[in-house]
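Taking it in order: structure first as structure tokens, then the write-up.
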Amino acid sequence: MDAAEINYIKKPQLKNTTLIEGLPGIGLVGKLATDHLLDELETSKFAELTSCHLPPQVTIQSDGTIKLVNMQFHYMQRQRGDLVLLSGDFQGITPESQYLISEKILSEMMPLNLNRIYTLGGLGTGSVTHNPRVFGAATRKDLVSEHERQGVIFKGGGAIFGASGLLLGLGERRSIDGVCLMGETHGQIIDAKSAEAVLKVLTQMLGLDVDMTALEQKAKETE
Numbered sequence: 006m007d008a009a010e011i012n013y014i015k016k017p018q019l020k021n022t023t024l025i026e027g028l029p030g031i032g033l034v035g036k037l038a039t040d041h042l043l044d045e046l047e048t049s050k051f052a053e054l055t056s057c058h059l060p061p062q063v064t065i066q067s068d069g070t071i072k073l074v075n076m077q078f079h080y081m082q083r084q085r086g087d088l089v090l091l092s093g094d095f096q097g098i099t100p101e102s103q104y105l106i107s108e109k110i111l112s113e114m115m116p117l118n119l120n121r122i123y124t125l126g127g128l129g130t131g132s133v134t135h136n137p138r139v140f141g142a143a144t145r146k147d148l149v150s151e152h153e154r155q156g157v158i159f160k161g162g163g164a165i166f167g168a169s170g171l172l173l174g175l176g177e178r179r180s181i182d183g184v185c186l187m188g189e190t191h192g193q194i195i196d197a198k199s200a201e202a203v204l205k206v207l208t209q210m211l212g213l214d215v216d217m218t219a220l221e222q223k224a225k226e227t228e
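For the sequence shown, counting from 1, position 74 maps to 79 in our numbering; every step adds exactly one.
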């Protein structure tokens with residue numbers, strides 16, 4: 006196996022593409038948000054990323070069969086601009102692997118006319134809030150202003166770790182716009198309420214009509 010390889014089910018022809026990353030992180034905010042989009046939108050899986058830098062294991066599925074740990078790519082075509090959703094159960098397990106996998110993702114996305122990247126995650130505060138705010142970071146000042154109009158809070162200081170940060174930083178080197186949306190969260194609990202807050206901003210920015218009922222129910226169950 007290569008250090009990171011992508012196996013295509015099919016290669017879609019996409020235009021004006023936005024990548025949405027929702028891999029596991031603080032509070033599982035990004036993963037919950039992206040998994041909800043996959044449940045609610047009509048998407049098609051087109052590729053899987055496998056790597057020796059992911060945890061050395063398989064997962065056991067509900068029917069008893071196994072699945073090699075991977076990341077999955079789904080796409081959705083639409084007139085306003087196509088979407089690619091990146092999901093998975095794990096991130097790279099070392100700093101080197103985070104760079105390697107992020108570079109691989111970007112290399113494969115560029116031929117799909119990648120135009121913008123949204124990375125989704127949590128901002129750990131150590132306290133529980135019932136009305137989580139959404140914080141952001143962006144690759145350009147005009148993107149900051151654009152998202153501030155949707156109530157996103159931008160302030161200096163701190164860092165964004167893992168794929169959510171590297172996809173923006175490495176993407177900027179390729180002249181790709183990027184925004185990280187981070188839901189305010191305790192940090193030690195699974196936070197569907199924070200994921201809902203992040204999704205409300207994202208869907209508004211992308212012009213998506215998404216039913217939030219199932220995510221709202223998850224939020225009630227974890228309160």
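Glycine is no exception: its CB is placed at the ideal position from the N, C-alpha and C atoms.
DSSP, read as helix, strand or coil, puts residue 182 in strand.
Residue 114: member of the alpha helix (DSSP H) spanning 100 to 114, first to last residue. By the Cβ-count criterion, residue 13 is exposed, with fewer than 16 other Cβ atoms from all chains shown falling within 10 Å of its own Cβ. Take the alpha-carbon of residue 166 and the one of residue 193: they are about 16 Å apart. In the DSSP assignment, residue 77 is bridged to 53 and 92. Residue 177 is not a Cβ neighbour of residue 11, given a cutoff of 8 Å.
Here DSSP, grouped into helix, strand and coil, assigns residue 6 to coil. Taking the Cβ atoms as the reference, residue 212 lies roughly 5 Å from residue 85, within the contact range of under 8 Å. Annotated as distal: residue 152 and residue 203, with beta-carbon spacing of 8 Å or more. Residue pairing by DSSP puts residue 140 in a beta bridge opposite 158 and 187. The three-state reading of DSSP puts residue 212 in coil, since its state is none of H, G, I, E or B. From the listed residues 9, 98, 68 and 125, the smallest Cα separation to residue 36 is found for 125. For residue 24, the enclosing beta strand (DSSP E) starts and ends at 22 to 26. Burial is judged here by how many other beta carbons sit within 10 angstroms of a residue's own beta carbon; residue 180 has fewer than 16 and is exposed. Selection 143, 74 and 201 evaluated against residue 135 yields 201 as nearest (Cα-Cα). Of the candidates 207, 190, 221 and 219, 190 places its Cα closest to the Cα of residue 33. In this structure, DSSP gives residue 134 a state outside helix and strand, which the three-state scheme calls coil.
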